[in-house]
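Notes to accompany the following structure.
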Amino acid sequence: MTDGTLRNVMAILLVIVLLFSYVIGYLSGVYGWWWTGFAIIIFFPLAHKILK
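For the sequence shown, the working numbering assigns the number 1134 to the initial residue and increments by one for each residue that follows.
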């Protein structure tokens, strides 16, 4: 991949992750905050694996 393509892919992935985090935080509410942490624990290593 070229540098520009890689930057676009990373930006798109970042937007998807942020939207996913927002939706999970919205759905979990005040007492279900642990869902957001659980999702970050799962998807953070996945994003690293995709970018390698």
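Here a beta-carbon is modelled for each residue, glycine too, at the ideal position from N, C-alpha and C.
For residue i, which residues in the same chain have their Cβ closer than 8 Å to its Cβ, ignoring the five residues on either side in sequence?
i: T1135; result: none
For the alpha helix (DSSP H) containing residue i, list its first residue and its last residue.
i: V1150; result: D1136 to S1161
Looking at C-alpha atoms only, which residue of the options is the closest neighbour of residue i?
i: F1176; options: T1138, V1150, M1143 and W1167; result: V1150
i: A1172; options: V1142, K1182, L1139 and Y1155; result: Y1155
Identify whether residue i lies in helix, strand or coil by the three-state DSSP scheme.
i: G1170; result: helix
Near residue i, which residues of its chain fall below 7 Å by C-beta distance, leaving aside the five closest residues on each side in sequence?
i: A1180; result: L1146 and V1150
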